[in-house]
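To keep things clear, I will list the structure first and then write my remarks on it.
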Amino acid sequence: SAVISQKPSRDICQRGTSLTIQCQVDSQVTMMFWYRQQPGQSLTLIATANQGSEATYESGFVIDKFPISRPNLTFSTLTVSNMSPEDSSIYLCSVRSLNNEQFFGPGTRLTVL
Amino acid sequence: AQKVTQAQTEISVVEKEDVTLDCVYETRDTTYYLFWYKQPPSGELVFLIRRNSFDEQNEISGRYSWNFQKSTSSFNFTITASQVVDSAVYFCALSEANERHREKLTFGTGTRLTIIP
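First to last, the protein sequences are chains A and B.
Mapping to my numbering: the first sequence position 16 is 16, numbers consecutive.
Counting from 1 along the second sequence, just add 113 to a position and that's the residue number in my numbering.
Below, the structure written as structure tokens:
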């Protein structure tokens, strides 16, 4: 299975600031994704991170709010911009392996005051 | 549109009992993948299984087993001889294989399982 690391593991931020979350995977993967899990809720896909091009966003999520980069096959970043308390969530990086299994990183627990 | 329903919000059983977690899905595709994940109190999401829609064989892995029934669009998960370490939230998820939705996982709302010692 793929081993995924995320940094930071948690953060407490002030309203109006931005936070960049990093995701690194230890092996070749076909796809990388960013999900959000709001408190007590299920997971929702934010976007698919595309290598060398703009991410593909799901309905309700926009690039200005959640800019994403994927400079190579095994690394991606998600920025949560101009944060508000409603952005308090766990943000999870996910990868699809070569045999179509899908793994998740440990998550970044974000609290916005 | 794809949809996953986990009707059981919370289940509690006494240790060593068997428990089944239900998952019902909706999709227009004939080719799709079904997943189960475990999220223990520590928060990480642990991959348990991926099942291709063409493979209707039931699967067993230790105390875990999965029953896939296309006729009822269900992919239920059974834990036999439950243990306290099985306490977690369990998510069922669906991924369609058509071009547009190829890689997107749609999750159910999860079932919180508590094993009482």
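Idealized CB from N, CA, C, for every residue including glycine.
### Query
So with Cβ pairs under 9 Å, would you call B/Phe204 a contact of chain A?
yes
### Query
So is A/Glu54 in contact with chain B if we call contact Cβ pairs under 9 Å?
no
### Message
Comparing C-alpha positions only, which one of B/Ala194, B/Gln196 and B/Leu134 sits nearest to B/Trp179?
### Response
Its Cα nearest to that of B/Trp179, the residue B/Leu134 stands out among B/Ala194, B/Gln196 and B/Leu134.
### Query
Among B/Ser208, B/Asp168 and B/Asp131, which has the Cα closest to the Cα of B/Asp142?
Ranking B/Ser208, B/Asp168 and B/Asp131 by Cα distance to B/Asp142 puts B/Ser208 first.
### Query
B/Phe167: which of B/Phe181, B/Thr224 and B/Ile173 sits nearest, CA to CA?
Looking at B/Phe181, B/Thr224 and B/Ile173, the one whose alpha-carbon comes closest to that of B/Phe167 is B/Phe181.
#### Entry: Within chain A, partners of B/Arg163 - CB distance below 8 Å
Asn100, Glu101 and Gln102
### Task
Go through the region 155–214 of chain B residue by residue and report every complete run of the beta strand (DSSP E) that reaches 3 residues or more, in order.
159–165, 172–174, 177–182, 187–192 and 201–209
### Query
DSSP three-state call for B/Glu123: helix, strand or coil?
In this structure, B/Glu123 counts as strand in the three-state DSSP scheme.
### Message
So B/Tyr146 contacts chain A; which residues on that side make the cut at Cβ distance below 9 Å?
### Response
Asn100 and Gln102
### Selection of the region 214–226 of chain B by Cβ proximity to chain A, strictly under 7 Å
Glu216, Lys217, Leu218, Phe220, Gly221, Thr222 and Gly223
### Message
Restricting to runs no shorter than 3 residues, where is the beta strand (DSSP E) found entirely within the region 81–108 of chain A?
### Response
89–96 and 102–104
#### Entry: 7 Å Cβ shell around B/Phe220 - same chain, five flanking residues per side excluded
If we look at B/Phe220 and ignore the five residues flanking it on each side, its Cβ neighbours are Val117, Phe204 and Ala206.
### Task
From the DSSP output, read off the bridge partner residues of B/Asp131.
Beta-bridge pairing links B/Asp131 to no other residue.
### Task
Please work out which residues of its chain come closer than 7 Å, Cβ to Cβ, to A/Thr48, disregarding the five sequence neighbours upstream and downstream, and give them in chain order.
Met31, Phe33, Ala55 and Thr56
#### Entry: Rounded C-alpha distance that separates A/Ser84 from A/Cys23
22 Å
### Query
By the criterion of Cβ-Cβ separation under 7 Å, what are the contact partners of A/Ile90 in chain B?
Gly156
### Message
Counting only C-beta atoms, is B/Ser174 closer than 9 Å to chain A at any point?
### Response
no
### Task
Pair every Cβ in the region 141–161 of chain B with every Cβ in the region 106–113 of chain A, then say whether three or more of these pairs are closer than 8 Å.
yes
### Query
Taking the alpha-carbon positions, what's the B/Phe148 to A/Thr79 distance?
28 Å
### Task
Classify A/Ser1 as helix, strand or coil using the three-state DSSP reduction.
coil
### Query
Which whole-angstrom value is the C-beta distance of A/Ile4 and A/Phe103, which I expect to be below 8 Å?
6 Å
### Task
Check whether the Cβ atoms of A/Val95 and A/Val25 lie closer than 9 Å to each other.
yes
#### Entry: Environment of A/Asp87 [buried if 16+ CB atoms lie within 10 Å]
buried
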